[in-house]
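A.B. asks: Each residue of the sequence shown is one higher than the one before, counting from 1 in the working numbering.
One structure follows; several queries about it will come next.
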Amino acid sequence: MMNYIKDDFGDSLNKEKQLDLCKKLTEYRMDAKEIVKNYYACFNAKDWNGMLALVSPEVRHEANQGGVYIGKEKFAAFVKRMEECYDEQLKEMVIMGEGDRVAAEFVVHGVYKLAEEGLPVANNQKYVLPAGAFLEIGR
Numbered sequence: 001m002m003n004y005i006k007d008d009f010g011d012s013l014n015k016e017k018q019l020d021l022c023k024k025l026t027e028y029r030m031d032a033k034e035i036v037k038n039y040y041a042c043f044n045a046k047d048w049n050g051m052l053a054l055v056s057p058e059v060r061h062e063a064n065q066g067g068v069y070i071g072k073e074k075f076a077a078f079v080k081r082m083e084e085c086y087d088e089q090l091k092e093m094v095i096m097g098e099g100d101r102v103a104a105e106f107v108v109h110g111v112y113k114l115a116e117e118g119l120p121v122a123n124n125q126k127y128v129l130p131a132g133a134f135l136e137i138g139r
């Protein structure tokens, strides 16, 4: 049976509370859904170090844009580039999972700040997009 956690990080936690939550991550062992919830709380707080602390050195990120980034160093470079090009908040977050497999559904509220290769010119266009992610938490 799937368990469901519904939370709207952008509306229910301000940036200070999100950063505080990210700093407390190492105080206890989290289950897979808690890790994902905290990962996205760090994302919304723009706490990239907190986010990176939650991924393994062998992280494999398959980006929406089509690239695959393997390893924490390559993932960190991807995150840096995304920060340069986009300003995003994830809202209407629903996290569900069983064991170490987790799915997250959310709505991305963003601003396209700097053009990426192969994409249109950026003029601070605002966008709202439904999105999701499938994650496997290794121990």
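The beta carbon of each residue, even a glycine, is placed where N, CA and C say it ideally should be.
Computed from a predicted model, the values in this text were never measured in an experiment.
Could you give the distance in angstroms between the alpha-carbon of G118 and the alpha-carbon of M82?
C.D. replies: As a first step, residue 118 is located in the sequence shown; it is residue number 118 there, counting from the start. As a first step, residue 82 is located in the sequence shown; it is residue number 82 there, counting from the start. Whole-angstrom Cα-Cα distance: 15 Å.
A.B. asks: Helix, strand or coil, according to DSSP, for K80 in the structure here?
C.D. replies: Against the sequence shown, residue 80 aligns to sequence position 80. K80: helix per DSSP, three-state reduction.
A.B. asks: Taking the beta carbon of L114 as the centre, do at least 16 other beta carbons fall within 10 Å, making it buried, or is it exposed?
C.D. replies: The count along the sequence shown starts at 1 and reaches residue 114 at position 114. L114 should be labelled exposed.
A.B. asks: Would you please state the rounded distance, in angstroms, between the beta carbons of V55 and K80? I believe it to be under 8 Å.
C.D. replies: Here residue 55 corresponds to residue number 55 of the sequence shown, with the count starting at 1. Here residue 80 corresponds to residue number 80 of the sequence shown, with the count starting at 1. Actually they are not in contact, since the Cβ atoms of V55 and K80 sit about 14 Å apart, beyond 8 Å.
A.B. asks: Ordered along the chain, which non-local residues of its own chain (more than five positions away) have a Cβ less than 6 Å from that of E84?
C.D. replies: The count along the sequence shown starts at 1 and reaches residue 84 at position 84. Result list for E84: L114, in chain order.
A.B. asks: Under the DSSP definition of a beta bridge, which residues are partnered with Q65?
C.D. replies: Along the sequence shown, read from residue 1 onward, the residue named residue 65 stands at position 65. DSSP, once it has assigned bridges, lists no residue as partnering Q65.
A.B. asks: Would you mind sorting T26 into buried or exposed? The rule is 16 or more other CB atoms within 10 Å of its CB.
C.D. replies: Locating residue 26 in the sequence shown gives position 26, where the first residue counts as 1. Confidence is the limiting factor: at T26 the pLDDT is only 47, short of 50, which leaves the residue's position unreliable, though a coordinate-based value still follows. T26 should be labelled exposed.
A.B. asks: Using the three-state DSSP reduction, which class does A131 fall into: helix, strand or coil?
C.D. replies: Taking the first residue of the sequence shown as 1, we reach residue 131 at position 131. In the structure shown, A131 sits in a strand (DSSP, three-state: E or B).
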